[in-house]
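Here is the structure we will look at, set down as structure tokens.
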Amino acid sequence: MPPLVEHPDFHRAWHARGAGRTAPDRQAIARQACIAGLWAVLGLSSADTTAALAPAYPQRPVTVIVPTSPGGSTDAVARVVADVLGQALHQPFVVANRPGANGLLGNALAARAAPDGYQLLFTYAATMVVNPLLYKNPGYDPLRDFAPVMQIGRGGTLLVVPAGLPVRSVAEFLAYARAHPKQLSYCSWGQGSGGHLAMASLLQDTGQDLVHVPYKGSTACVSALLAGQVSAAFADASLTIGLIRQGRLRALALSASTRMPALPNVPTLTEAGHPFTAYSWLGLFAPAGTPTAIVEQLNNSLNRAFQEPTVRLRLARLQFTELPQVTPAEFRTTLVQDMHEWRRLVSKLDLKPE
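Counting with my numbering, you get residues 40 to 393 for the letters of the sequence shown.
Okay, structure coming up:
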């Protein structure tokens with residue numbers, strides 16, 4: 040390849056712009072022209088040049104904000120995701136639990152973070168698709184303030200009761216509730232949570248009235264079930280399936296459209312005579328404005344990792360077995376669709392923003 044400085048276009052540019060320049064000016068221009076010429080020879084644009092010269096991400100530890108208490112299913116999966124990203128990108132991804140106000144505190148904190156990829160949010164669906172419908176000032180807008188990175192799992196929740204409650208089906212549960220008016224209660228992981236709305240919908244459709252007892256997290260709700268302090272809940276399989284297999288809890292139905300492979304004998308709510316579905320998912324988000332290259336790097340790293348047997352086994356133990364390849368754009372589409380579906384449910388229940 041001939042020397043770049045001998046290219047005729049370079050000489051014409053040099054002589055045309057060199058008049059009146061000092062020697063240092065001409066030297067600086069020459070360096071810039073050489074660099075531009077090199078990138079042109081390599082077939083790279085100025086945008087490519089900027090990307091190529093940008094420092095690799097990440098250069099320091101990354102904080103993953105989780106708006107729940109330690110020990111719940113969201114926290115457990117978040118720690119797997121953080122570990123996977125840390126191994127893939129060679130920097131620590133550190134989980135920071137920021138529970139409170141049904142996920143509002145942690146989500147709002149993440150929404151205000153700098154869009155540089157060093158503070159991310161790992162959260163559950165209701166904080167994104169339900170909270171904006173139930174709170175006048177949640178402190179964030181899911182579509183305006185966040186860039187979806189990766190959706191993890193999508194499934195229904197289990198209607199569970201303590202093993203000591205003398206019911207073995209949804210029909211028996213509702214009959215028992217009718218026979219004991221005002222005596223039964225159910226728990227959820229917060230006012231307006233997916234578990235709260237799913238149970239409220241079932242009770243409204245069947246004319247039942249159970250007392251709602253909101254807890255600060257799903258772990259506390261399940262503990263209350265085990266202690267017999269509440270009578271029922273819609274809860275995550277990741278927290279309850281082991282207890283169901285041990286005979287400490289009993290699953291009556293699943294809020295998905297198909298049965299769960301891990302519990303093939305548990306019917307869906309529709310099969311039990313109550314056509315209703317409610318889904319949840321977990322997801323990784325970055326603050327809006329985070330460079331697309333960083334969002335795609337995080338997404339690609341997780342998609343690759345989710346194909347590895349060891350990672351799939353870790354998530355399977357948390358009852359996350361379906362891990363399809365999902366792009367940020369596809370995750371955003373799911374977010375918009377779910378916001379529409381939950382808006383219909385909130386309207387049906389006539390819940391007003393607080």
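By construction, the Cβ of each residue, glycine as well, lies at the ideal position given by its N, Cα and C atoms.
#1: Okay, do the segment 94-111 and the segment 168-178 touch, 3+ Cβ pairs below 8 Å being the bar?
#2: By a C-beta neighbour count over all protein chains shown, 10 Å radius and 16 as the cutoff for buried, is Ala-368 buried or exposed?
#3: Quick check on this structure: which residue in Phe-161, Thr-349, Asp-155 and Pro-181 has the alpha carbon closest to the alpha carbon of Gln-376?
#4: With DSSP as the reference, please indicate the residues paired to Asn-136 in a beta bridge.
#5: By the 10 Å Cβ neighbour count, where 16 or more other Cβ atoms means buried, how is Gly-286 classified, buried or exposed?
#6: In terms of residue numbering, what span does the alpha helix (DSSP H) encompassing Leu-265 cover?
#7: Taking the beta carbon of Gly-203 as the centre, do at least 16 other beta carbons fall within 10 Å, making it buried, or is it exposed?
#8: Helix, strand or coil, according to DSSP, for Pro-181 in the structure here?
#9: What residues match up with Ala-325 in a beta bridge as DSSP calls it?
#10: From Val-334 to Ala-186, what does the alpha carbon distance come to, in whole angstroms?
#11: Which runs of the beta strand (DSSP E) spanning at least 3 residues fall entirely within the segment 143-215, listed in chain order?
#12: Thr-329 and Asp-155 look like a contact to me (Cβ under 8 Å); what is the Cβ gap, rounded to whole Å?
#13: Starting from Val-250, follow its DSSP beta bridges and name the residues at the other end.
#14: Quick one: give me the first and last residue of the alpha helix (DSSP H) that Arg-351 is part of.
#15: So, are the CB atoms of Asn-136 and Gly-231 less than 8 Å apart?
#16: Taking the alpha-carbon of Ala-229 as reference, which of Arg-351, Ala-239 and Ser-257 has the nearest alpha-carbon?
#17: Name the one or two DSSP bridge partners that Tyr-318 has.
#18: Just to confirm, is the Cβ distance from Leu-321 to Thr-113 under 8 Å?
#19: Pick helix, strand or coil for Leu-31, following the three-state DSSP scheme.
#20: Under the assumption that Gly-139 contacts Leu-278 (Cβ atoms under 8 Å), give the Cβ distance between them as a whole number of angstroms.
#21: Do you know offhand how far Leu-81's Cα is from Arg-183's?
#22: How would you call Asn-146, buried or exposed, if buried means at least 16 neighbouring beta carbons within 10 angstroms?
#23: Does the segment 122-129 touch the segment 194-202, meaning 3 or more C-beta pairs lie closer than 8 Å?
#24: Can you check which of these residues, Ser-340, Ala-355, Phe-324 and Val-101, is closest to Gln-190 by C-alpha distance?
#25: Return helix, strand or coil for Thr-297, following the three-state DSSP convention.
#26: Tell me, to the nearest whole angstrom, how far the beta carbon of Tyr-215 is from that of His-251; I am working on the premise that it is less than 8 Å.
#27: Mapping DSSP to helix, strand and coil, what is Thr-372?
Reading off the structure:
#1: no
#2: The sequence position of residue 368 within the sequence shown is 329, counting from 1. So Ala-368 ends up on the exposed side.
#3: The sequence position of residue 376 within the sequence shown is 337, counting from 1. Ranking Phe-161, Thr-349, Asp-155 and Pro-181 by Cα distance to Gln-376 puts Pro-181 first.
#4: Start at 1 with the first residue of the sequence shown, and residue 136 comes out as number 97. Answer is Val-105, bridged to Asn-136.
#5: By one-based count along the sequence shown, residue 286 stands at place 247. Classification of Gly-286: exposed, given that the 10 Å Cβ count is below 16.
#6: Position 226 of the sequence shown holds residue 265. Counting along the chain, the alpha helix (DSSP H) containing Leu-265 begins and ends at 257-265.
#7: As a working mapping, residue 203 is identified with position 164 in the sequence shown. Its Cβ having fewer than 16 others within 10 Å, Gly-203 is exposed.
#8: Walking along the sequence shown from the start, residue 181 turns up at place 142. Helix.
#9: Along the sequence shown, read from residue 1 onward, the residue named residue 325 stands at position 286. Per DSSP, Ala-186.
#10: Locating residue 334 in the sequence shown gives position 295, where the first residue counts as 1. Locating residue 186 in the sequence shown gives position 147, where the first residue counts as 1. In a straight line, the C-alpha of Val-334 is about 8 Å away from that of Ala-186.
#11: 158-163, 185-195 and 197-201
#12: Here residue 329 is taken as the residue at index 290 of the sequence shown, counted from 1. Here residue 155 is taken as the residue at index 116 of the sequence shown, counted from 1. At roughly 7 Å, the Cβ-Cβ gap stays under 8 Å, so Thr-329 and Asp-155 are in contact.
#13: In the sequence shown, the residue the question calls residue 250 occupies position 211. Val-250 pairs with Ser-224.
#14: Here residue 351 corresponds to residue number 312 of the sequence shown, with the count starting at 1. That run of the alpha helix (DSSP H) goes 348-355.
#15: On the sequence shown, residue 136 is found 97 positions in, with the first residue counted as 1. On the sequence shown, residue 231 is found 192 positions in, with the first residue counted as 1. For Asn-136 and Gly-231, no; Cβs fall outside 8 Å.
#16: Residue numbering aside, residue 229 sits at position 190 when the sequence shown is read from its first letter. Correcting the residue identity first, residue 229 is Gly in this sequence and not Ala. Of Arg-351, Ala-239 and Ser-257, the residue nearest in Cα terms is Ser-257.
#17: Residue numbering aside, residue 318 sits at position 279 when the sequence shown is read from its first letter. Answer is Gly-195, bridged to Tyr-318.
#18: Residue 321 sits at position 282 when you count from the first residue of the sequence shown. Residue 113 sits at position 74 when you count from the first residue of the sequence shown. Yes; because the gap between Cβ atoms is below 8 Å, this pair is in contact.
#19: Residue 31 lies beyond the stretch modelled for the chain, which goes from 40 to 393, so this question has no answer here.
#20: Reading the sequence shown from its first residue, position 100 is the one you call residue 139. Reading the sequence shown from its first residue, position 239 is the one you call residue 278. With a Cβ gap of about 20 Å, Gly-139 and Leu-278 do not count as contacting.
#21: Counting from one through the sequence shown, the residue named residue 81 turns up at place 42. Counting from one through the sequence shown, the residue named residue 183 turns up at place 144. Legend: pLDDT at Leu-81 = 46, less than 50; position of this residue unreliable, no value from coordinates given.
#22: Here the question's residue 146 lines up with position 107 in the sequence shown. Buried, because 16 or more other Cβ atoms sit within 10 Å of the Cβ of Asn-146.
#23: no
#24: Looking up residue 190 in the sequence shown gives position 151. Gln-190 has its Cα closest to that of Phe-324, out of Ser-340, Ala-355, Phe-324 and Val-101.
#25: For the purposes of this step, residue 297 is identified with residue 258 of the sequence shown, where counting begins at 1. Coil.
#26: Locating residue 215 in the sequence shown gives position 176, counting from the first residue. Locating residue 251 in the sequence shown gives position 212, counting from the first residue. Between His-251 and Tyr-215 the Cβ distance is about 18 Å, and since that is not below 8 Å, they are no contact.
#27: Here residue 372 refers to the residue found at position 333 of the sequence shown. Thr-372 falls in the helix class under three-state DSSP.
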